[in-house]
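This report refers to the structure that appears directly beneath it.
Printed below as a string of structure tokens:
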């Protein structure tokens, strides 16, 4: 009887050890996924989206609205190096040996633009202030390209970029172009005058930083204009945009 009890104790100890090992391995996997997926960045985007939706509540807007809690995301699109001016940025790696590496670069920018549109309510939420006449700009992201990308792809035309948005599905039933601009033809993309973009002639120069921007033009009678999402050179932000205020935190 005593021997049987001892065996059972031994079996229980083995079970406990196996359980502990499984828990440790599971914990390591969870940690890997946490760092791999960078949930901090995603959380910031969700926090922003939630604050925008809350701000869109008519009752809150009538009392100047709830506070927006939106931060600019800094993104390094890398061909293998770091981006010198964005040391603390999140990073998207691009394999420059792939034939479609240019599309990988464009895809990374397209995703940031789609995230920006989502963060600020997809054009369905009025996050302005009743009675205000101020233009409000949101810099969702600042994007930089590393030196390897700069050497291989010194420039990407806006025509190439918007054509990629047209022919690439964000999800199974909707292209990036349709999601961001509500059209299926690049010729019908309307660029708000504040952003001064020429889709047919402008170029993305990869040796420059670019800002992904949206915003809203408040109107005293509340017929506010919600801007679409655009990408413009960060260095030209002040000169291109009409006078207004920025509602995102650095």
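In the working numbering, the protein residues as written are 4 to 253.
No residue lacks a Cβ here, since even glycine has one placed at the ideal position from N, Cα and C.
Just so we're clear, the structure is a prediction, and the values are computed from it rather than from any experiment.
Just mark residue i as buried or exposed, buried being the case when its beta carbon has 16 or more other beta carbons within 10 Å.
i           : result
residue 111 : buried
residue 185 : exposed
residue 248 : exposed
residue 172 : exposed
residue 10  : Because residue 10 sits at a pLDDT of 48, beneath the cut-off of 50, its placement in the model cannot be relied upon, and the point is left open.
residue 113 : buried
residue 21  : exposed
Residue i: which of the options sits nearest, CA to CA?
i           : options            : result
residue 147 : 206, 94, 221       : 94
residue 256 : 84, 246, 51, 239   : Examination of residue 256 is not possible in this model, given that the chain is present from 4 through 253 alone.
residue 145 : 108, 235, 48       : 235
residue 116 : 227, 149, 183, 159 : 183
residue 82  : 20, 122, 22, 153   : 153
residue 212 : 78, 163, 169       : 78
residue 55  : 132, 105, 19, 246  : 132
residue 164 : 151, 24, 195, 189  : 189
residue 243 : 166, 73, 194, 175  : 194
residue 198 : 240, 58, 23        : 240
residue 232 : 196, 226, 246, 204 : 196
residue 161 : 24, 155, 192       : 192
Quick check on DSSP: helix, strand or coil for residue i?
i           : result
residue 133 : coil
residue 245 : coil
residue 146 : strand
residue 141 : strand
residue 211 : coil
residue 154 : helix
residue 185 : coil
residue 106 : helix
residue 73  : coil
residue 252 : strand
residue 168 : helix
residue 125 : helix
residue 95  : strand
residue 24  : helix
residue 178 : strand
residue 79  : strand
Kindly list the residues whose CB is nearer than 6 Å to the CB of residue i, restricted to its own chain and excluding five residues on each side of it in sequence; keep chain order.
i           : result
residue 218 : 139, 140, 141, 230
residue 250 : 71, 139, 141
residue 180 : 168, 169
By Cβ distance below 8 Å, which residues in the same chain neighbour residue i in space, the five residues on each side in sequence not counted?
i           : result
residue 157 : 208, 209, 210
residue 48  : 76, 118, 121, 122
residue 238 : 211, 212
If I measure Cβ to Cβ from residue i and keep anything under 7 Å in the same chain, skipping five residues before and after, which residues do I get?
i           : result
residue 151 : 82, 83, 84, 99
residue 109 : 159, 164, 167
residue 253 : 75
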